[in-house]
Amino acid sequence: MKRQTILTTGALILGIFLGWAVFHSPEKVEESHNHSAEEKKAEIWTCSMHPQIRMDKPGKCPICAMDLILLHSNTSSESDVMAIHLTKEAAQLANVLTSVVSRQNAEKEVRLYGKVQADERLLQNQVAYIPGRIEKLMINFTGEMVRKGQPLALIYSPELVTAQQELLEAGKTKLAQPEIYEAAKEKLHQWKLTDKQISEIENSGKVQANMEVESTANGIVTARRVNNGDYVSQGSVLFEVSDLSRVWVLFDAYESDLPFLKKGDKVEFAIQALPGSAYSGTIMFIDPVIDPVNRVAKVRLEMSNPGGKLKPGMFATGIVKSNLDEFKDKLVIPRSAVLWTGKRSIVYVKQPGEEPVFNIREIELGPQLGNSYVVIDGLKDGEEIVTQGAFSVDAAAQLEGKPSMMNQPVETHGVTSSHPVSVKSEALQFKVSGNCEMCKDRIETAAKSVSGLSTADWSSETKMLHVQFDGAKTNSDVIQKAIAKVGHDTEKYKAPDDVYKELPECCLYRK
Numbered sequence: 001m002k003r004q005t006i007l008t009t010g011a012l013i014l015g016i017f018l019g020w021a022v023f024h025s026p027e028k029v030e031e032s033h034n035h036s037a038e039e040k041k042a043e044i045w046t047c048s049m050h051p052q053i054r055m056d057k058p059g060k061c062p063i064c065a066m067d068l069i070l071l072h073s074n075t076s077s078e079s080d081v082m083a084i085h086l087t088k089e090a091a092q093l094a095n096v097l098t099s100v101v102s103r104q105n106a107e108k109e110v111r112l113y114g115k116v117q118a119d120e121r122l123l124q125n126q127v128a129y130i131p132g133r134i135e136k137l138m139i140n141f142t143g144e145m146v147r148k149g150q151p152l153a154l155i156y157s158p159e160l161v162t163a164q165q166e167l168l169e170a171g172k173t174k175l176a177q178p179e180i181y182e183a184a185k186e187k188l189h190q191w192k193l194t195d196k197q198i199s200e201i202e203n204s205g206k207v208q209a210n211m212e213v214e215s216t217a218n219g220i221v222t223a224r225r226v227n228n229g230d231y232v233s234q235g236s237v238l239f240e241v242s243d244l245s246r247v248w249v250l251f252d253a254y255e256s257d258l259p260f261l262k263k264g265d266k267v268e269f270a271i272q273a274l275p276g277s278a279y280s281g282t283i284m285f286i287d288p289v290i291d292p293v294n295r296v297a298k299v300r301l302e303m304s305n306p307g308g309k310l311k312p313g314m315f316a317t318g319i320v321k322s323n324l325d326e327f328k329d330k331l332v333i334p335r336s337a338v339l340w341t342g343k344r345s346i347v348y349v350k351q352p353g354e355e356p357v358f359n360i361r362e363i364e365l366g367p368q369l370g371n372s373y374v375v376i377d378g379l380k381d382g383e384e385i386v387t388q389g390a391f392s393v394d395a396a397a398q399l400e401g402k403p404s405m406m407n408q409p410v411e412t413h414g415v416t417s418s419h420p421v422s423v424k425s426e427a428l429q430f431k432v433s434g435n436c437e438m439c440k441d442r443i444e445t446a447a448k449s450v451s452g453l454s455t456a457d458w459s460s461e462t463k464m465l466h467v468q469f470d471g472a473k474t475n476s477d478v479i480q481k482a483i484a485k486v487g488h489d490t491e492k493y494k495a496p497d498d499v500y501k502e503l504p505e506c507c508l509y510r511k
């Protein structure tokens, strides 16, 4: 009985072992494992023109019949669910370029616009020191060159005739009454007669009816105030003479640029009327008062002008390279890398590795240095950021519902939620009239002053303004009105004439 029990138990154990060997083979385990891996390798394909299309395999877009591109794979790094995953093909198609952040010396380029002007200290008024009648003008038109001592006009003056007679009579008794003689001579000196003219009167013994008015300075006649036969009183201005051997170059500096300008800074400038010209000068004076209309201050350079090439009224364009010592050895990034929303400054940082995987990063910006920005906080030396195609990366983030320029995480009691706040973002472009970089700054500043507008970019070549804004807060009419208000015509609104006429001459675009 005991032996039968042992045999039965052994047969049962043997059957269990054989069943396990048959039904739990390694091939089944491997098959199950491969099946799980295949599920993880499920891919998503989309259309570059219609990103709302989502397919689990390659093929054609059902809307435009373009080849679908691989968006991302579920096996992509899942350690950061907020990261933006792009394939190499998608990044190449979107022209996404990156560069490594580095420290640089902060040097800001300030662009200035202005005109050549005569040196105010070298302006001379040629006046009549005696009352009388203009008998003859020796200088008949403006622009004529005059030299110091050159006769300008002949004046007939009854008072001068009387004074000459007094001198001749006093000369007869100058030994007996020298005081009277000297007083008569001094009276003629006060009327700006030279010792040579007085000697000629004494030697001839005759009264001269007409007296020459001589120039007291070298220069160019810039204004003629009298004609032949005019009666003038003592002190009347006959001519205005400007010495153009030295001139001023006066630039307009916006109040936002004034902190980066100081006396002694070197200015490289060119004259529009002299192609290929290159001049340099030193800032000698900065106007302490801001023009209440144009919101600019005058910055003055003093230049020698051999040959008279620099003529008053010529337009000049200058650049000042200002070293910002307070931002020395700070991180500097290209302007194209920054997505600016008006309140937040955003960049996309590439994760280490060959795959194009990006994380959104909010940073704090310092001053703008031409086509770059100083970074105060938010980035580290050596990190790699998107410098071109940042809008494409941000668009991919918005399509996937991840934090982006227009979508940011919700913070509730100090806890950040992974669900972004959706904002109704709209893009628009329209024509805005303008000419130069000053126009660009004025147009973009006016557009960005509108609440709800995130980006504004105006091109002086195409005259088109590209804007992105929150459709729930503003619209095209509000933006165009704000731009027209500062003096630039848009497709829908015309700038007020009084505002337009106050623009600098280089910004006047109306024919």
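Residue numbers (the working numbering): 1 to 511. Every residue, glycine too, gets a C-beta built ideally from N, C-alpha and C.
Residue from the options whose Cα sits closest to the Cα of residue i
i      : options                        : result
Gln124 : Val110, Leu250, Ile220         : Ile220
Glu302 : Glu505, Thr87, Arg121, Val249  : Val249
Glu159 : Glu202, Gln234, Ala118         : Gln234
Met55  : Ile63, Ile44, Pro62            : Ile44
Arg246 : Thr445, Ile84, Arg121, Lys57   : Arg121
Ser459 : Lys473, Ser451, Val450, Glu444 : Glu444
Glu255 : Met284, Gly487, Asp441         : Asp441
Ser280 : Asp265, His50, Tyr181          : Asp265
Thr282 : Val499, Lys263, Asn305, Pro292 : Lys263
Ser277 : Leu310, Val237, Asp377         : Leu310
Thr222 : Val232, Asn210, Leu244, Ala128 : Leu244
Ile69  : Ile84, Gln92, Met438           : Gln92
Gly313 : Lys115, Pro58, Ala495, Gln351  : Lys115
Arg344 : Gln351, Ile360, Val499, Gly353 : Ile360
Thr194 : Val296, Tyr500, Gln150, Pro178 : Gln150
Other residues of its chain near residue i: CB distance less than 6 Å, five sequence neighbours each side excluded
i      : result
Gly370 : Glu109
Lys463 : Lys431
Lys298 : Leu250, Asp287
Phe285 : Arg300
Ala184 : Glu166, Leu167, Ala170
Asn323 : Glu107
Lys28  : Only weak support exists for where Lys28 lies, its pLDDT of 41 falling under 50; the coordinates are left without a value.
Asn210 : Glu135, Leu154, Tyr156
Phe260 : Lys108, Val110, Ser322
Glu383 : Val101, Val349
Gln429 : Met464, His466
Ser304 : Arg246
Thr412 : Summary for Thr412: the model assigns pLDDT 33, below 50, so the residue's position carries little reliability, and this model does not support an answer.
Cut-off 7 Å between Cβ atoms - residues of its own chain near residue i, not counting five sequence neighbours on either side
i      : result
Gly205 : Leu168
Arg103 : Asp329, Lys330, Leu331, Asp381
Lys148 : Ser215, Thr216, Ala217, Asn218
Asn228 : Ile134, Lys136, Leu137
Asp67  : Lys60
Ser433 : Lys463, His488, Asp489, Tyr509
Residue i and residue j closer than 8 Å at C-beta
i      : j      : result
Pro334 : Ser372 : yes
Phe469 : Ile479 : yes
Ala153 : Lys136 : yes
Leu86  : Ala396 : yes
Ile155 : Ile130 : yes
Gly378 : Glu364 : yes
Thr514 : Ser449 : Any answer about residue 514 is impossible in this case: the structure gives the chain only from 1 up to 511.
Ile376 : Glu362 : no
Val386 : Thr98  : yes
Val146 : Leu238 : no
Ile63  : Val357 : no
Residues near residue i in its chain [Cβ-Cβ closer than 8 Å; skip 5 each side]
i      : result
Asn294 : Asp252, Glu502, Leu503, Pro504
Ile319 : Glu109, Val110, Arg111, Leu112, Val267, Glu268, Phe269
Val207 : Val161, Gln164, Gln165, Leu168, Ile201
Proximity test, residue i beta-carbon vs the ligand NAD heavy atom, cut-off 7 Å
i      : result
Pro403 : Only the bare structure without any ligand can be found here, which leaves the ligand NAD out of the picture.
Next on the checklist: Does the structure place the region 336-349 close enough to the region 386-398 that three or more beta carbon pairs sit under 8 Å?
Outcome noted: yes
Item to check | Inter-stretch contact (C-beta, 8 Å, three-pair minimum) for the region 449-456 and the region 263-280 | outcome: no
Item to check | Runs of beta strand (DSSP E) lying entirely within the region 81-106, each at least 3 residues, in chain order | outcome: 97-100, 102-104
Checklist entry - Hey, which unbroken runs of the alpha helix (DSSP H) at 4 residues or more fall wholly within the region 129-174? => result 158-172
Next on the checklist: My parser needs the beta strand (DSSP E) runs of 3 or more residues fully inside the region 208-286; what are they?
Outcome noted: 210-214, 219-224, 237-242, 246-254, 266-271, 279-286
Item to check | Minimum length 3: unbroken beta strand (DSSP E) runs contained in the region 357-395 | outcome: 357-369, 372-377, 384-388
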